Each structure stands twice: as C-alpha cells, then as structure tokens.
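Participant: Numbering (the working numbering), first residue to last: -10 to 706.
Note that CB positions come from ideal geometry on N, CA and C, so glycine has one too.
Small disclaimer: the values here were computed from a predicted structure and weren't measured.
Quick one: structure below, then a few questions.
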C-alpha cells in the first residue's frame, strides 16, 4: 500500500484582454487551497491538472477563441517541479513513466499551437517546473526571482520532461550542458538576472501585466508570415523555431565541443561523467549521452530516449539515495522561526584569535548582527585575527551576501582585546583555543570568573569531552559545544554537543545561534569524536592499519574509490594535518578502544613533518608521496594487509559497527542525523543517500551491526 499523499496543484484560469494580444488565457499554478505556504509541485494528479489545463487552452487557441496563453504561479514559486516524496514511495514512483508520457505529449503539442505561449516566472522554477516553462515561446521573470534551474542529475535522475532535449535550443549548447550536468553537482541555481543574461528568460517584468506588455512586444517583433491563415487556423505560430540542431550544423558542433570541454583542470566532462558512473552515479553520464544524440534527431525520438533514460534512472539505487539525501537536507535546513526557549544574544565573545577563531568570529558577527569581541593573550595575534575576520566579512560582501553599508557595520562591530575582563558583558563566549583539554578547561574557568551566571560557555572542540571541560565549574549547565568545520564560511554543518548537565535553555540557544548563521545544526551527545570525526577516524584507522601491516600505499589510497568521497584518504590526512590526525587518533583509541587504530607510521610521519601526497597541479587524485613507503615499509607484510575490495569491506563493516554503537549509546537518536552530518561535514556522496542507506545497500549493516538501519527500503535486491 502506498504511503504517499499528493498535495494536488491547482490551475486557476481566467481570460484577460490585452490591447495587442487580444484575449489571453492566463493559467495560474497554485498549491492546494489552504496550503498557500506550500510550493506547487507535480505528482500524478497534479501533472494531469497542469497538462489538462494547458491542453484546454490549446483547444481554445485552435478554435480561435484566444490570442495567447500565459502561465504563471503564486507567491514566490512558479512551479517547484516533481514532488520528491513521490519518489520515496515505490508505488507512487511507478507513476513516473505515465507522467513523463503526459509531459512529452504536451511538449510536442505546444509546438503546433497557433498562438504564442508565455511563461512568467513569478518565483522559483525548478526541475519539472522549469521544463513546463520551456514549453513556452517567451519567458519573463520578476527581478527578484531565485531558484531557477534543473537539479535532476544531482538527484540521481535527469531532466526528463523535455529539459535535456529543449534547453540547448534556448540558451545554447555550452550553457545547457553546464546547467544539466554541472550546476546540480555544485548546488547552483540561477537568479532572474542570471537567467536573463544567458537567454533563459527574455525580459524581466515586475508583474503579470508588465510581462504581458513585454510578451506583446516580442511577439510583434516576429515576422508573422502566416497571419493570413486566420484566427481559427491550426498552423503553428510563425515565431517558433526548431528545437533540435541539424546533423553537421554549427550548433551540433558547438554541442559536441561543450560535451568534450574540461570539467576541471584535471578532467573533461566526459571523463568526469564516466568517473561518477564508476562510483555508482550514472545520471550525468546518461544525460551526456542524450545530449550527444540530439543533432539530426526528431523531437519525438529525442523525447522517447529521454523518457527511457528517466524511467531507468528512477529505479536505480543512486536515485533512491540521492532523493533520500535531498529530503534529509530539505527537512534539516535552518528554520525560519527562532528556536523555542533560546536566550537573547546581544553580544558575543571569542576566546582566541587564531585562524579558526577569526573565521568563527566573522560568521557570528554576520549571522547574529551583534558586537563580537575576540580575546587573545598575544596582542599581535589578536590584531591579525581581527584583520582576518574583517577580510571574511568583506569577502561575503563581494559575493553579494550583504551590501557595503551592512558589511561596514558588521566589520565595525568586530573588536579585539588582551584583557579577559573585556568579555564580562557578553551573553555568550566561544572558546577556539588549541585542542588540549587542560588549556580549554583553564579558559572556561577563567571566563566563569568574569561572566554572568546566565552567559553561555561554548566550545568549538572537534573531539574532546565538553563535560570534561566543564568539570569544576559552578554552572556546568550553561556549557554547550558548537563544532564548526573548516573552512567555516563554506562548511554548512555545525555539530551541537550537549552534555548530561547542559540545560534546555543553553541547548536551545546553541541551536538558535546555528540557525541564525543559516547553518545545519546536528545534535550529538558528548561522546568521543561526536559524529563526523568519530566515523572519519574509523575509516582512516582501517586505512592506516593496512599501511602499518605493509600494504602498498598507492593500492591502499585507491581502495575506497568506489565510495565516491570528495577526496582520497591520504589527501584527507594531509588536509586534517598529520599531527592533528595523530592526536585525534590517540584520543579516540584511548576513549573507545582497540577498534580505533593508533598508527605508529602516522606518528612517525607527523614527527618528520612529512605529507602523504605530493602537490601536483591538475591531478584528479594527488599522487602518493614516496615518503609513505619509506616510513611504512610497504611490502613487508602485504600478504596479510587488506587492499582493494577487501579493505573497502573492512571499512564498510567498521562504519556499520560504529554507527550501531552510536545509535545504541544514544549519541544520536536516528540514522538520519548521522547521514546529514556525514553529507554536510564529510562530503559523503548524496547519491548514496547518506552513509546508512549505503551500508544497507552493500549489506554491511546486517554483517556488522546485525540489523538494517532503514528496514527494507535500501536493502540489496
């Protein structure tokens, strides 16, 4: 039985008289009555409603009753595309082929309309919503519209309701290839101004009347060669162009060049697509193949190939995983309402002024819009930290996140001191000092002597016990951890760490700070490594154990390639820093036992100040440094050291075991929290759905944890 409940999109119809266009049939796409805050989406019933209304308007056009058709939406949404929750239900997802057939039939029919069609984007137009707009002859958009794009390949599918076929005829081959293949992987969507710049929309218009005027001017500019056919003619409107390039045409050559173009300095788009497919994400490769076949094709044949590809992709584990991840991100994103029970924050202090401290200070100033004062014992470090924090604010302004006036005000609200007494009036002080328990505990004790009893003490520790830092304090209930990830401005995750003594108001305030910074907050109990680092170091421990046992370094580094992580293990170790990795590994082993490997080889590499990889510009994967073989003695006992699939299985089982323990120990309350943390904090690939669906898919959860984390939903077929 299906658990899917569709929120059926309505189509509100009215006729407007326009002096140049005549009678215009206006179709307004709207969410269900009483659910106006919900975006209009497309499910099985909704697509029937939308396509049926457009079909009726086309009937009227062919009967000579109207002179034009206009589509628009309500609120800030034109049409948000397919309802993702439909894909999560097997029975509902079975409707996708029929929905695709309906959309394609309408795409073909609109091409024969005797009257021009306008799509006025009053707001977001994503996926299937933009594909509906691509049916139109002219597109306009309100100047402030955002969220325009085709995110499907990032969801494990592709733009299958006409987008892969038609977009290149509107914006040109290079832009279309980028929008279909690359923008989803970068979470990039367009604003109205950007859509105008690339030709996706023809004009900006403040409202529908202005859009109709712009539409009329564009229509009038076309040479209406068939005007003599009369109002009742079924001849297609003359301003419409052929949507597909001819074989051997300049457009066909441009499309081929776009598909062969570089994706990065290290690989072409084709190579990137093939690599993703080898890592279990075939959507980009399938979309590239469809684009390649467009020249010389008929519209009907191109749409038929698109339908086949969409149907096949929708049934893959990658689509199930990617859509699950998208739903996790949608539900976990920062809310619009303040967290209930949070205290008011009027000023903030940061203990420390190093690189991490200054990054956090800048984000607190930007997000909270309150004065932020950094304190460091060294005046020179304090001034350097202030300069860096202000640079972060200026960078945010340069990217359009705030205007120059606001940026100046935020920068002016940042200050530094060497005197702890200057923090006395702060409502919250966050420590970002070296990752040494004794130092952090000393900082908290010093701060407690000057702060009010209600002020929050916050730690940015990445692995140490927050409760241990609070030992000896008079008010341990006002201590909470906010673990920011580096680089702070770009990383969207903050782990919110609560101890057994953290009170409700303190936890609520920590969550509210994260919300106001527009970051994702994932709650964790005060356990070693929390969520992300605990799991990453379980992975790195297995990798280092194989190296310590004498396995070939290059083989070890490549063994986890099928996971699809953003970087290989050795690159990650270099990024973390070998001394930090060695320290955290020792801490976790001491706290959690022998399942966490403390590597003698890593310790020696850290003491030498070496690196695991060589810096080579343009390499997809950084080559392994010769020093690794020298330190670890590759080949000494390689027969007993797992590599390749064997090491991958060790990692899978280790992760499943650790996650089972974390759930049993209530470090987190659900697998979804772990998945969200690993996607946002470690770059775990979204087409896997998060780490726990992946472990279910490969059978590791049953092997190592004795249960599936998601029941039968992601079990191996």
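1. Whole angstroms are fine: how far does the CA of residue 447 sit from the CA of residue 454?
2. Just the C-alpha distance for residue 322 and residue 671, rounded to the nearest angstrom, thanks.
3. Can you tell me whether residue 626 is buried or exposed, with buried defined as 16 or more other CB within 10 angstroms of its CB?
4. For residue 15 versus residue 63, is the C-beta distance shorter than 8 Å?
5. Starting from the Cα of residue 173, find the closest Cα among 74, 181, 143 and 151 and give me that residue.
6. If you count every other CB in all the chains shown that lies within 10 Å of the CB of residue 707, and 16 or more means buried, which is it?
7. In chain order, which continuous runs of the alpha helix (DSSP H) of length 4 or greater are located wholly inside the stretch 168 to 218?
8. Can you grab the Cα-Cα spacing for the pair residue 87 / residue 228, in whole Å?
9. I'd like to know whether the C-beta atoms of residue 511 and residue 528 end up nearer to each other than 8 Å.
10. Per DSSP, what are the beta-bridge partners of residue 3 in this structure?
11. If you follow the alpha helix (DSSP H) that residue 679 is part of, which residue opens it and which one closes it?
12. Identify, in the order they occur along the chain, each residue of the same chain with its Cβ nearer than 7 Å to the Cβ of residue 610, setting aside the five sequence neighbours on each side.
13. The beta strand (DSSP E) spanning residue 527 covers which residue range?
14. Unbroken alpha helix (DSSP H) runs of length 4 or more, entirely within the stretch 444 to 527: which are they?
15. Can you check whether the CB of residue 537 is closer than 8 Å to the CB of residue 574?
16. Check the DSSP bridge columns for residue 251 and list the partner residues they point to.
17. Residue 302 and residue 145 - do their beta-carbons sit closer together than 8 Å?
18. May I ask you to report which of helix, strand or coil DSSP gives residue 108?
19. Using DSSP bridges, identify the partner residues of residue 404.
20. Can you tell me whether DSSP reads residue 643 as helix, strand or coil?
21. Sort out for me which residues DSSP pairs residue 57 with in a bridge.
22. Inspect the beta-carbon positions of residue 179 and residue 138 and report whether they are closer than 8 Å.
23. Helix, strand or coil: how does DSSP classify residue 341 here?
24. Note down the Cα distance separating residue -8 from residue 76, rounded to an integer number of angstroms.
25. For residue 598, does the count of other Cβ atoms within 10 angstroms reach 16, so buried, or fall short, so exposed?
26. Alpha carbon to alpha carbon, how far is residue 171 from residue 679? Give it in angstroms, no decimals.
27. Under the rule that 16 or more other beta-carbon atoms within 10 Å means buried, what is residue 694, buried or exposed?
28. From what residue to what residue does the alpha helix (DSSP H) around residue 427 run?
29. My assumption, with CB atoms under 8 Å, is that residue 421 sits in contact with residue 480. Please give the rounded CB distance.
30. Output the boundary residues of the alpha helix (DSSP H) element that contains residue 76.
31. What are the start and end residues of the beta strand (DSSP E) that includes residue 122?
32. Run the CB neighbour count on residue 218, radius 10 Å, all protein chains shown included, and call it buried at 16 or more, exposed below.
33. May I ask you to verify whether the stretch 646 to 665 touches the stretch 280 to 289, counting CB pairs closer than 8 Å and requiring at least 3?
34. According to DSSP, simplified to helix, strand and coil, what is residue 560?
35. Grab the span of the alpha helix (DSSP H) containing residue 273 for me, first residue to last.
36. Give me whichever residues DSSP pairs with residue 652 in a beta bridge.
Facilitator: Here's the rundown:
1. For the purposes of this step, residue 454 is identified with residue 465 of the chain shown, where counting begins at 1. For the purposes of this step, residue 447 is identified with residue 458 of the chain shown, where counting begins at 1. For residue 454 and residue 447, the distance between alpha carbons rounds to 12 Å.
2. Along the chain shown, one-based indexing puts residue 322 at 333. Along the chain shown, one-based indexing puts residue 671 at 682. Each residue's Cα considered, the two are about 17 Å apart.
3. One-based indexing of the chain shown puts residue 626 at position 637. Only weak support is given to the placement of residue 626: the predicted model assigns it a pLDDT of 49, under 50, and the question is left unresolved by the model.
4. Along the chain shown, one-based indexing puts residue 15 at 26. Along the chain shown, one-based indexing puts residue 63 at 74. No.
5. Your numbering for residue 173 matches position 184 in the chain shown. Among 74, 181, 143 and 151, the Cα nearest to that of residue 173 belongs to 143.
6. The chain is shown only over -10 to 706; residue 707 falls outside these bounds and no answer can be derived.
7. 181 to 187 and 197 to 210
8. As a working note, residue 87 is residue 98 in the chain shown. As a working note, residue 228 is residue 239 in the chain shown. Roughly 31 Å separates the two Cα atoms.
9. If you number the chain shown from 1, residue 511 lands on position 522. If you number the chain shown from 1, residue 528 lands on position 539. No, Cβ-Cβ distance for residue 511 and residue 528 is not below 8 Å.
10. Here the question's residue 3 lines up with position 14 in the chain shown. In DSSP, residue 3 forms a bridge with 15.
11. Counted from its first residue, the chain shown places residue 679 at position 690. It is not in any alpha helix (DSSP H) - residue 679 carries neither H nor E in the DSSP assignment.
12. As a working mapping, residue 610 is identified with position 621 in the chain shown. Contacts found: 557.
13. Locating residue 527 in the chain shown gives position 538, counting from the first residue. Careful: residue 527 lies outside any beta strand (DSSP E), inside the alpha helix (DSSP H) at 521 to 537.
14. 455 to 459 and 493 to 505
15. On the chain shown, position 585 is the one that residue 574 refers to. On the chain shown, position 548 is the one that residue 537 refers to. For residue 574 and residue 537, no; Cβs fall outside 8 Å.
16. Against the chain shown, residue 251 aligns to sequence position 262. According to DSSP, which records beta bridges pairwise, residue 251 is partnered with 257.
17. Stepping through the chain shown from its first residue, residue 145 is reached at position 156. Stepping through the chain shown from its first residue, residue 302 is reached at position 313. It is a contact, given that the beta carbons lie within the stated cut-off.
18. Within the chain shown, the letter at position 119 stands for residue 108. Of the three classes helix, strand and coil, the one that applies to residue 108 here is strand, per DSSP.
19. Position 415 of the chain shown, counting from 1, holds the residue named residue 404. Answer by DSSP bridge pairing, in chain order: 362.
20. Here residue 643 refers to the residue found at position 654 when the chain shown is read from its first residue. Looking at residue 643 - three-state DSSP - the assignment turns out to be helix.
21. Residue numbering aside, residue 57 sits at position 68 when the chain shown is read from its first letter. Residue 57 is bridged to 13.
22. Counting from 1 along the chain shown, the entry for residue 179 is found at position 190. Counting from 1 along the chain shown, the entry for residue 138 is found at position 149. For residue 179 and residue 138, yes; Cβs fall inside 8 Å.
23. For the purposes of this step, residue 341 is taken as residue 352 along the chain shown, with counting starting at 1. Here residue 341 sits in coil by DSSP.
24. Start at 1 with the first residue of the chain shown, and residue -8 comes out as number 3. Start at 1 with the first residue of the chain shown, and residue 76 comes out as number 87. Rounded to the nearest angstrom, the two C-alpha atoms are 11 Å apart.
25. Sequence index remark: in the chain shown, residue 598 carries index 609 (1-based). Exposed, by the Cβ-count rule.
26. Here residue 679 refers to the residue found at position 690 of the chain shown. Here residue 171 refers to the residue found at position 182 of the chain shown. Distance between the alpha carbons of residue 679 and residue 171: 21 Å.
27. Counting from one through the chain shown, the residue named residue 694 turns up at place 705. Its Cβ being crowded by 16 or more others within 10 Å, residue 694 is buried.
28. As a working mapping, residue 427 is identified with position 438 in the chain shown. Run containing residue 427: 426 to 437, per the alpha helix (DSSP H) assignment.
29. Along the chain shown, one-based indexing puts residue 421 at 432. Along the chain shown, one-based indexing puts residue 480 at 491. That pair is no contact at about 15 Å.
30. Start at 1 with the first residue of the chain shown, and residue 76 comes out as number 87. Start and end: 73 to 76.
31. Here residue 122 corresponds to residue number 133 of the chain shown, with the count starting at 1. Unbroken run through residue 122 is the alpha helix (DSSP H), 117 to 123; no beta strand (DSSP E).
32. Reading the chain shown from its first residue, position 229 is the one you call residue 218. Any reading at residue 218 needs caution, since the residue's pLDDT is 47, under 50, leaving its predicted position unreliable; the model's value is listed next. Per the 10 Å Cβ criterion, exposed.
33. no
34. Locating residue 560 in the chain shown gives position 571, counting from the first residue. DSSP places residue 560 in helix when its eight states are reduced to three.
35. Residue numbering aside, residue 273 sits at position 284 when the chain shown is read from its first letter. Residue 273 -> alpha helix (DSSP H) spans 272 to 281.
36. For this step, residue 652 is matched to residue 663 along the chain shown. Looking at the DSSP assignment, residue 652 forms no beta bridge with any residue, so it has no partner.
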